[in-house]
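Data block below; observations after.
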Amino acid sequence: MRFLITIFALLSLVACQNQEKESLPKQKSESPIVEVQDSDPVPKQKLNNRQQANHLANVASEVPDVGNATSLVAGPYVVVAIDVDKDLDRSRVGSIKYSVAEALKKDPYGKNAVVIADADGYERIKQMARKVRDGHPIQGITDELAAIVGRYMPEVPVPDQKPSEPDQNKNSIPENEKQKLNNIEEEQSNHYKD
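Put into C-alpha cells, the structure is as follows:
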C-alpha cells in the first residue's frame, strides 16, 4: 500500500512538472515610450530693454488684484511698479506684491526684479520709463532709479569679520611631520600659498 501511495505521489509531482505556466510575464525587449511635455528647453529670446520692460509689466499685470503695472529695465537692473486699489490694507498689498515677485521670478527676464507697490513709486517709475522712451540721458535716470530702489530696499548691516579661530588639528601634529605636510601642501598648490 505504501508503495502505491509513493508511486501515486511521484506521478502527481511529475505530472505537475509538465505544465509550463509562466509565473512572470515576458518582458519586451523594447523600452516603453514615454511622452514628456516641455522637455525641450525654450531658448531665451533676445529682447531689448524696452521689450523686456513691456513684457515684465504684462506679467505683473496678469496677477490678480493688480490694476496696472509699469517696468523699467536698465541693464541688469529691473524695477517693476504695480498699481493696486488704494483701499486695500497693507497685508493684502504685501501678499499681492509677493505674488508679483513670484511671477517675475519664474520669468527669465524678471528673476532679479525689485517690486514696488505704492502710488508714488508707481508714478515715478512710469515717468522714468517715459523719459527713457523719449531719449533722455541714461545717467540721470539711473541715478534716480538708484534713489528709488534705495528707498524701498531694507538696510541690512554688514556682518563683522570674525577673527579666524586657530586650527586645533595643527597643534596635534609633531613638528617634523608638520614640516613634511607643509612641503607637500606647498608642492601641490604649485607654490601658491597665502
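Counting from 1 along the sequence shown, just add 46 to a position and that's the residue number in the working numbering. Even glycine gets a Cβ: it sits at the ideal position worked out from N, Cα and C.
Residue from the options whose Cα sits closest to the Cα of residue i
| i | options | result |
| --- | --- | --- |
| Asp133 | Gly113, Ala147 and Lys151 | Gly113 |
| Lys162 | Leu118, Ile184, Lys177 and Ile187 | The sequence shown places Ile at residue 162, rather than the Lys named in the question. Looking at the Cα atoms, Leu118 is the closest of the given residues. |
| Leu191 | Asp135, Lys224, Asn229 and Ala120 | Ala120 |
| Asp135 | Asp153, Ala159, Ala147 and Asp164 | Asp164 |
| Val125 | Asn228, Asn95 and Ile53 | Asn95 |
| Ala159 | Ser218, Ala99, Asp131 and Gln185 | Ala99 |
| Arg138 | Asp111, Tyr123, Asp180 and Pro122 | Asp111 |
| Leu93 | Phe49, Gln225 and Tyr155 | Tyr155 |
Residues near residue i in its chain [Cβ-Cβ closer than 8 Å; skip 5 each side]
| i | result |
| --- | --- |
| Glu108 | Ala149 |
| Asp131 | Asp111 and Gly113 |
Where the alpha helix (DSSP H) containing residue i begins and where it ends
| i | result |
| --- | --- |
| Leu93 | That residue, Leu93, is in no alpha helix (DSSP H); it is neither H nor E in DSSP. |
| Val241 | Nothing about residue 241 can be read from this structure; the chain reaches only from 47 to 240. |
| Ala149 | Arg136 to Lys151 |
| Ile219 | No alpha helix (DSSP H) contains Ile219, which DSSP labels as neither H nor E. |
| Ala269 | The structure shown has nothing for residue 269, since the chain only spans 47 to 240. |
| Ala192 | Ile184 to Tyr198 |
Buried/exposed call for residue i, threshold 16 Cβ in 10 Å
| i | result |
| --- | --- |
| Ile142 | buried |
| Asp189 | exposed |
| Asp129 | buried |
| Tyr238 | exposed |
| Ala175 | buried |
| Ala193 | exposed |
| Ala106 | buried |
Same chain, Cβ closer than 6 Å to residue i, five either side skipped, listed in chain order
| i | result |
| --- | --- |
| Ala127 | Thr116, Ile162, Gly167, Tyr168 and Ile171 |
| Ser145 | Val109 |
| Val195 | Val160 |
| Ser218 | none |
Sequence-distant residues of the same chain with beta carbon closer than 7 Å to residue i, five excluded per side
| i | result |
| --- | --- |
| Lys177 | Ile187 |
| Lys157 | Lys151 |
Beta-carbon separation (whole angstroms), residue i vs residue j, contact threshold 8 Å
| i | j | result |
| --- | --- | --- |
| Asp153 | Leu102 | 7 Å |
Boundaries of the beta strand (DSSP E) in which residue i is found, first to last residue
| i | result |
| --- | --- |
| Ala127 | Tyr123 to Asp129 |
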